[in-house]
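What follows is a single structure, written as structure tokens, with notes after it.
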Amino acid sequence: MAQNDIQLVSSGLSEANSNLPWEIRRWTLTEGHSTGVEVVELKQGDFSFRVLPTRGMGIWDAHVGEQRIGWNSPVKAPVHPAFVNAKTRNGLGWLDGFNELMCRCGLSYFGPPGTDTGMDSPVESDVTLHGKIANLPAHSISFIEGENDEIGLKGIVDESSLFGPQLQLESTITTRLGENSIFVRDRITNLGSSATELSLLYHTNIGPAILGEGSRFSIPAKQVLPNNARSAEDVDTYETYLAPTEGYAEQVYFFETIADADGKTVALLESLDRQTGFSVEFTKEQLPCFTQWKATQPLQDGYVTGLEPGTNFPNFKSFEREQNRILQLAAGETYEIDLKFSVHTNSEEVSKVRERIAAIQGENEKTISTDPELPYCQVK
Amino acid sequence: MAQNDIQLVSSGLSEANSNLPWEIRRWTLTEGHSTGVEVVELKQGDFSFRVLPTRGMGIWDAHVGEQRIGWNSPVKAPVHPAFVNAKTRNGLGWLDGFNELMCRCGLSYFGPPGTDTGMDSPVESDVTLHGKIANLPAHSISFIEGENDEIGLKGIVDESSLFGPQLQLESTITTRLGENSIFVRDRITNLGSSATELSLLYHTNIGPAILGEGSRFSIPAKQVLPNNARSAEDVDTYETYLAPTEGYAEQVYFFETIADADGKTVALLESLDRQTGFSVEFTKEQLPCFTQWKATQPLQDGYVTGLEPGTNFPNFKSFEREQNRILQLAAGETYEIDLKFSVHTNSEEVSKVRERIAAIQGENEKTISTDPELPYCQVK
Amino acid sequence: MAQNDIQLVSSGLSEANSNLPWEIRRWTLTEGHSTGVEVVELKQGDFSFRVLPTRGMGIWDAHVGEQRIGWNSPVKAPVHPAFVNAKTRNGLGWLDGFNELMCRCGLSYFGPPGTDTGMDSPVESDVTLHGKIANLPAHSISFIEGENDEIGLKGIVDESSLFGPQLQLESTITTRLGENSIFVRDRITNLGSSATELSLLYHTNIGPAILGEGSRFSIPAKQVLPNNARSAEDVDTYETYLAPTEGYAEQVYFFETIADADGKTVALLESLDRQTGFSVEFTKEQLPCFTQWKATQPLQDGYVTGLEPGTNFPNFKSFEREQNRILQLAAGETYEIDLKFSVHTNSEEVSKVRERIAAIQGENEKTISTDPELPYCQVK
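Chains as they are written, first to last, in this note's numbering: chain A, 1 to 380; chain B, 1 to 380; chain C, 1 to 380.
Laid out in structure tokens, this is it:
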């Protein structure tokens, strides 16, 4: 992909980690619909990942050596927001830009498009798929250059309008030298003078090779629910994945998760051979609603699964409000979200996460609903 | 705000003004939603202002010494038009880019969004808030570099479409060395082969420090009208402003102005202590409809007032047409508009404008309507 | 028009053509709504043309010496897709960017906007005027630098979305040294896992001087049909053109063409004096539906005619599907389209094409329908 000169922002060696070398590099893509998209690459030893400040501080992908962690969306390269028109495709135009390993949906709304009749103001009632944040560029980019054996970057994304919500995301994305993990530390502040709603989901997407036939998903949970009749067909096998399947229509499961004593929980996707995995760790109180997205369509169409912790479920916003799941952020209030995304490259590491999930589940019963149920799902 | 290297276009000393130094500088913003926005700064002595060719030749702000003239919109920095989608927010997406001291609304239409049933062509009947001109970039930028003790720039903005209106704005924006004034000389030409409509408003927005509790507005007027029931609540105090007020909903007043013997009139906003002020001078025949916009919401939400001379009032376009206020521009015809925006930095200067307004008002009666009235307002 | 430094990509002399010099140059436009539009100019001797990779590999214009081949759209310069909002103007926003000599309409749909009730998926049923391809930028640009006495460029344009069609256009545009011709070799591949629809039209637009009062159009045809009642008024004179005419409303004719033994056919526009002409040669099987667009409005409004070979006619897509004219592209299938656009600069060359058209027509009867007829036209 054509790009301008790579700028080496910073580099060093970690004394605490056997002189592990690290680098921060940045460049801008210069062709096709990627023109103008800035990329920041954080690399330490074998592990690297690429952040897209231009796409709301999303994470394009990660690498462990040659292995790419992410997915192969039909949308082939990062898309500059100027080429994403939220109103096309009946409000689903967001899909034209969707290809990241981690893409935020929000901040004012996410989920399907429509008219949110719960909002009086026309500035706020016009809901398009998954909101605005992924197509808003960050500013005030700064770097963490080896402090405390961490490297990373910070950026600010404003989702503001006159007479509309004023939500500011300050996102700090780092990695600790010696760990194959990405730490996302988001602070969302209501800069307006009155309370406003916050609705945010971390659309975390993994394709091959970690995803494949027989790959397993697990998370500590009290309840698992299919979001609709189509998903209900296979709720019994929510934990395992099909091979790329012609004619497959997406299936979505909602989870009432269980946290450990520290309030944390973790979701794991592991390959059939249990040698590789990807996990998302988060705090249940910060992100109480977890969604699993199965999209095991053929490879060409973007074979992928989503591990998606959110402040609410991806139902239409007015339904989520009725269930009291839309957060209210008071004037000046900051909402804190911390996540850890980890790549596991051997069976020992994978087992450790699996065992941790089992431990959190412990004696807790897990109810698997055979049908969509209130208050989690929209029941017709 | 990140930007590329500042280019000094031109500089000099005004002999006629005790060797007053002046400079023209230009640069391009390079981060966040401002990426790609060109800025031209015109500076003479203590007075400077910044023009945004990329946003339809709007004026971002002005400075007298350290004092900034403009307002603090929730939208924090100039927004590149690629990030403003007119169709989002139920046709109010224009608000996502609104933060200038002076922003044109038009050229084909301004006012609220909707379907203009008076236009047969679907190319013209789809009206979005405040039109297209503020999100169209200028080309053919040239500079006035000290000629006749003036500095400034000229730019051309095309609002054209096949099978649609072909309106071309040639805007010349200058300052006279030694005066804290901005002269806007707009020439709008119908390049099409048949008559077309012109609808243009100068959305001129002032926040603190000139605007504050007890600040006063004045303009010579025969009639003052509230635009709706909400505005009618406080029509008696249209001349004064509230402090930033929680829960305040905007109020709008329309004015049938009075001009002097030369056809000119002037609107003034002055601070409570009458030490500072901002005035807009214009020709009544060119801009027959004046609107005052009170938006004294809390500071965080963009405490601001608008002094808005226009070719018509900001009612929905089809209503304005019914009242015969939409201009018709014949093929090849040019409509001329000249405005003078001035910053007044001492009580003597402020008084001079206040006295001029009083002199134009003279014996003329001023009727203050307690309710919206035809033909000025849409009465339900 | 402001632009950055011209880059000479390649140049040489054709030994086979008396040392004819050729050059490939590229630059990027840097002002107004053209900012960011890349231009590639191919030049050989007196003949040159300019391709716009940023606008879906469209052809801006051509020149023979000083004579410009193209048209003068009210839209004055190439428009960056960021300034074209498909959803404005009631789905006709595409018109805000339309000014090329050759502009593709497609790839999923073209024709008027609306809701395609034949598509179940909301991702595909939202149809805007003439589709997306003209406002998608190409990537992977490469050059043909004199090989086999050809110069040209190749680019790839992706029209892809998750859950939507995945159509990839690989376009090779060349000229043969010594010929005033442009060869377009398009390969459209369905990268998805299942069949998808392809709908593509080459909107080829010629204005003065080749177009003028009395200019003639010809194409070998079995049947000619007016697309609607307005076009039916003048179907008898479809072959000739009016001078620029005030109040003229566009007229459109559909053709069932006839091909020669090699499957090729050709459309010609020739000037009244028969000294100059423009022709489009194509393969009937690849592009079975030919449309003539007469838009002889006044010069200021874009006096122009369109010679438009297409995979189907520019009726609303669902109607075209009902008539079985929408192509189905199987998973992985590539559709090939080859066109030759030629400028003819003397009566001998023009006569040769005219005679070729007469020869293909031969004894074949040409039916001229006086009214729109099924299955070609939407009959109300």
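The beta carbon of each residue, even a glycine, is placed where N, CA and C say it ideally should be.
Since the structure is predicted, the reported quantities are computational estimates derived from the model, not experimental observations.
Taking C-alpha positions only, residue 297 of chain A is separated from residue 247 of chain A by approximately 7 Å.
As DSSP reads the structure, residue 292 of chain C sits in a beta bridge with C/253 and C/307.
A residue is called buried once 16 or more other Cβ atoms fall within 10 Å of its Cβ, and residue 379 of chain C, having fewer, is exposed. In its own chain, leaving out the 5 sequence neighbours on each side, no residue places its CB closer than 6 Å to the CB of residue 288 of chain C. The beta-bridge partner set that DSSP reports for residue 377 of chain C is empty. Residue environment: residue 96 of chain A is assigned as buried (16 or more neighbouring CB atoms within 10 Å of its CB, all protein chains considered). In this structure residue 78 of chain A is not in contact with residue 40 of chain A, their Cβ atoms being roughly 12 Å apart against a cut-off of 8 Å. The beta-bridge partner set that DSSP reports for residue 43 of chain C consists of C/23 and C/48. Flagged as an interface residue toward chain A: residue 139 of chain C, by a C-beta distance shorter than 7 Å. Listed in chain order, the positions of the segment 73 to 107 of chain C with a beta carbon within less than 7 Å of a beta carbon of chain B are 73, 74, 75, 76, 82, 83, 85, 87, 88, 89, 90, 92, 95, 96 and 98.
Within a 10 Å sphere around the beta-carbon of residue 268 of chain A sit 16 or more other beta-carbons, which makes this residue buried.
Look at the segment 299 to 310 of chain B: it has no residue with a C-beta under 9 Å from a C-beta of chain C. Secondary structure at residue 180 of chain C: coil, using DSSP grouped into helix, strand and coil. Here residue 18 of chain A is exposed, its C-beta having fewer than 16 other C-beta atoms within 10 Å.
Where residue 319 of chain B is concerned, the enclosing alpha helix (DSSP H) starts and stops at 317 to 322.
No Cβ of chain C is located within less than 7 Å of the beta carbon of residue 114 of chain A.
Take the alpha-carbon of residue 116 of chain B and the one of residue 314 of chain B: they are about 14 Å apart. The count of Cβ pairs closer than 8 Å, one atom from the segment 223 to 241 of chain A and one from the segment 251 to 266 of chain A, reaches three, so the stretches are in contact.
Annotation: the continuous alpha helix (DSSP H) that includes residue 353 of chain B extends over 347 to 361.
Scanning chain B for C-beta atoms nearer than 8 Å to the C-beta of residue 191 of chain A yields 74 and 300, reported in chain order. The alpha carbon of residue 112 of chain A has as its nearest neighbour, out of A/125, A/101, A/299 and A/61, the alpha carbon of A/125. Linking residue 360 of chain C to residue 16 of chain C through their CA atoms gives a straight-line distance of about 32 Å.
Taking a Cβ-Cβ threshold of 8 Å, none of the residues of chain A is close to residue 70 of chain B; the smallest such distance is about 14 Å.
Of the candidates B/94, B/174 and B/35, the residue whose Cα lies closest to the Cα of residue 153 of chain B is B/174.
Here residue 301 of chain B is near residue 193 of chain A, since their CB atoms are less than 7 Å apart. Residues of the segment 33 to 44 of chain B with a Cβ closer than 7 Å to any Cβ of chain A, in chain order: 33 and 35.
Ranked by Cα distance from residue 243 of chain A, the options A/260, A/202, A/279 and A/295 are led by A/295. Nearest to residue 370 of chain B by alpha-carbon distance, out of B/43, B/245, B/306 and B/231, is B/231. Closest by C-alpha distance to residue 377 of chain A, out of A/353, A/228, A/266 and A/138, is A/228. By the C-beta criterion, the segment 173 to 189 of chain B is judged not to be in contact with the segment 208 to 217 of chain B, since fewer than 3 inter-stretch pairs fall below 8 Å. Assignment of residue 240 of chain B by DSSP, reduced to helix, strand and coil, places it in the strand class. As the crow flies, the alpha-carbon of residue 277 of chain A is around 32 Å from that of residue 375 of chain A. Legend: CB atoms of the segment 233 to 267 of chain A lying less than 7 Å from CB atoms of chain C belong to residues 246. Where residue 124 of chain C is concerned, the enclosing alpha helix (DSSP H) starts and stops at 122 to 125. One alpha carbon belongs to residue 291 of chain B, the other to residue 284 of chain B, and they sit about 13 Å apart.
Non-local beta-carbon contacts of residue 318 of chain A in its own chain, meaning distances under 7 Å to residues more than five positions away in sequence, involve 116, 117 and 118 in chain order.
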